[in-house]
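For reference, the structure discussed in these notes is given below.
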Amino acid sequence: MATVNLASPLDEPTSLDEQARALCVQYKEQSAQDILAGALREIFTGRIALVSSFGAESVVLLHLVGSIDPSTPVLFLNTEKHFAQTLSYRKKLTATLGLTSVIDIHPDAAEKTAEDPDGTLWRHDADACCSLRKVRPLKSALDPFDAWITGRKQFHGGQRIELPVFDAAAPHIKVNPLVTWTPSDVAAYIKTHDLPTHPLVAQGYPSIGCWPCTHPVADGDEVRAGRWRGAAKTECGIHSR
């Protein structure tokens, strides 16, 4: 279990859940910048990574992390099913923001050959495809770390409505510094810092994943309505406990 460096330990929390709750209390009402600075420089120094999809809202968190420590490991799940625009955007942001440790995580070649030899697994079993291309590769990539940073926000809806700033997902603690941000907060930050946006946003994609399972949405739809459209599935699985 990860050992969390709490500035003011609350009865010496022992379980991962208790550690996450203690951190939520310690950083209650702190800004995203303060939460990230604490996580990167004090709590999980050298033992934390940012997991980024380089999607529609990703530039905000990448910019925040880069402004604190541009050498922070950034894990990009290259599912080999991304839009070409996403791959170009990943390269552009890496250079623009001066990120020095962006790491592409690919699915295991042998597993891909065995489980998805023709690349169409997504058509009949989206969960299995996500497991092959996202969940299992990320699990291995996170082995060296005690914590990881996510861009999840409560306004995304679904399982994220009551998401806390810190939550436990053994054997890691996840840091969600933008959890209370609204779409207006995201847009204002991008405008203030003149950050480049994902090219598909202007085409009606407010949430962007792999091309087979991502569609544009109509005005008024929920942000993630275009993900796995027509299915009960709302998450790829990397945030399942």
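Under numbering that gives the first Met the number 0, think of the first position of the sequence shown as 0, with each following residue one higher. A virtual CB, placed ideally from N, CA and C, is assigned to each residue, including glycine.
Proximity below 9 angstroms, CB of Leu15 to CB of Ala140: As a working note, residue 15 is residue 16 in the sequence shown. As a working note, residue 140 is residue 141 in the sequence shown. Using a Cβ distance threshold of 9 angstroms, Leu15 and Ala140 do not count as a contacting pair.
Proximity below 9 angstroms, CB of Ile47 to CB of Val73: Within the sequence shown, residue 47 is the residue found at index 48, counting from 1. Within the sequence shown, residue 73 is the residue found at index 74, counting from 1. No, the pair does not count as a contact, with Cβ atoms beyond the cut-off.
Classification of Pro249 by the beta-carbon crowding that lies within 10 angstroms, buried from 16 upward: Here the chain has residues from 0 to 240 only, and residue 249 is not among them.
Per-residue DSSP class, three states only, for Ser7: Position 8 of the sequence shown, counted from the start, is the residue given in the question as residue 7. With a pLDDT of only 44 at Ser7, under 50, the local geometry of the prediction cannot be trusted, and no value is derived from it.
Simplified DSSP assignment, three categories, for Ala224: Here residue 224 refers to the residue found at position 225 when the sequence shown is read from its first residue. In the three-state reduction of the DSSP assignment, Ala224 falls in the coil class.
Pairwise C-alpha distance: Lys152 and Trp121: Here the question's residue 121 lines up with position 122 in the sequence shown. Here the question's residue 152 lines up with position 153 in the sequence shown. Trp121 and Lys152 have their C-alpha atoms spaced approximately 26 angstroms apart.
Backbone secondary structure at Phe154 - three-state DSSP: Within the sequence shown, residue 154 is the residue found at index 155, counting from 1. Under the three-state reduction of DSSP output, Phe154 falls in the helix class.
Alpha-carbon spacing of Leu199 relative to Thr13, whole angstroms: In the sequence shown, counting from the first residue as 1, residue 199 sits at position 200. In the sequence shown, counting from the first residue as 1, residue 13 sits at position 14. Whole-angstrom Cα-Cα distance: 44 angstroms.
Distance, Asp145 Cα to His191 Cα: Position 192 of the sequence shown, counted from the first residue, corresponds to residue 191. Position 146 of the sequence shown, counted from the first residue, corresponds to residue 145. A small correction: the amino acid at residue 191 is Thr; His does not occupy that position in the sequence shown. Straight-line Cα distance between these residues: approximately 33 angstroms.
Per DSSP, cross-strand counterpart(s) of Cys209: Position 210 of the sequence shown holds residue 209. Note: Cys209 sits in a beta bridge opposite His81.
Rounded straight-line distance, which links the Cα of Gly225 to that of Pro106: In the sequence shown, residue 106 corresponds to position 107, counting from 1. In the sequence shown, residue 225 corresponds to position 226, counting from 1. Using only the alpha carbons, I get a separation of about 24 angstroms.
Leu35 beta carbon less than 9 angstroms from that of Ile148: Counting from one through the sequence shown, the residue named residue 148 turns up at place 149. Counting from one through the sequence shown, the residue named residue 35 turns up at place 36. In this structure, Leu35 lies closer than 9 angstroms to Ile148 by Cβ.
Asp68, DSSP secondary structure in three states: The residue given as residue 68 occupies position 69 in the sequence shown. Here Asp68 carries a coil assignment [DSSP, helix/strand/coil].
Buried or exposed by the 16-neighbour rule on C-beta atoms within 10 Å, applied to Arg228: Taking the sequence shown and counting its residues from 1, the one referred to as residue 228 is at position 229. Taking every protein chain shown into account, the CB of Arg228 has fewer than 16 other CB atoms within 10 angstroms, so this residue is exposed.
DSSP state of Ile237 mapped onto helix, strand, coil: The count along the sequence shown starts at 1 and reaches residue 237 at position 238. In the structure shown, Ile237 adopts coil according to DSSP, grouped into three states.
Residue from His123, Val174 and Pro215 with nearest C-alpha to Ala19: Residue numbering aside, residue 19 sits at position 20 when the sequence shown is read from its first letter. Measuring from the Cα of Ala19, the nearest candidate turns out to be Val174.
Proximity below 9 angstroms, CB of Ala31 to CB of Pro205: In the sequence shown, the residue the question calls residue 31 occupies position 32. In the sequence shown, the residue the question calls residue 205 occupies position 206. No, these two residues do not count as a Cβ contact at 9 angstroms.
Neighbour-count burial assignment, Gln202, 16 or more Cβ in a 10 Å radius: Residue 202 sits at position 203 when you count from the first residue of the sequence shown. An exposed status is given to Gln202, since fewer than 16 other beta-carbon atoms sit within 10 Å of its beta-carbon.
First through last residue of the beta strand (DSSP E) which encompasses Ile148: Residue numbering aside, residue 148 sits at position 149 when the sequence shown is read from its first letter. In this chain, the beta strand (DSSP E) harbouring Ile148 covers Ala146 to Ile148.
Contact under 9 angstroms by Cβ, Gly65 with Gly37: On the sequence shown, residue 65 is found 66 positions in, with the first residue counted as 1. On the sequence shown, residue 37 is found 38 positions in, with the first residue counted as 1. Not a contact, by the Cβ cut-off of 9 angstroms.
Alpha-carbon to alpha-carbon, Asn77 and Cys129: Looking up residue 129 in the sequence shown gives position 130. Looking up residue 77 in the sequence shown gives position 78. A direct Cα-Cα distance of roughly 12 angstroms separates Cys129 from Asn77.
Nearest-angstrom Cα separation, counted from Val59 out to Thr179: Locating residue 179 in the sequence shown gives position 180, where the first residue counts as 1. Locating residue 59 in the sequence shown gives position 60, where the first residue counts as 1. Cα-Cα distance, rounded: 14 angstroms.
Leu76, enclosing beta strand (DSSP E) - first and last residue: Start at 1 with the first residue of the sequence shown, and residue 76 comes out as number 77. It spans Val73 to Leu76 - the beta strand (DSSP E) in which Leu76 sits, taken as one unbroken run.
Helix, strand or coil at Asp166 [DSSP, three-state]: Residue mapping note: residue 166 aligns to position 167 of the sequence shown, counting from 1. Strand.
Cut-off 6 angstroms between Cβ atoms - residues of its own chain near Phe82, not counting five sequence neighbours on either side: Along the sequence shown, one-based indexing puts residue 82 at 83. For Phe82, where only same-chain residues beyond five positions count, the Cβ hits under 6 angstroms are Trp210.
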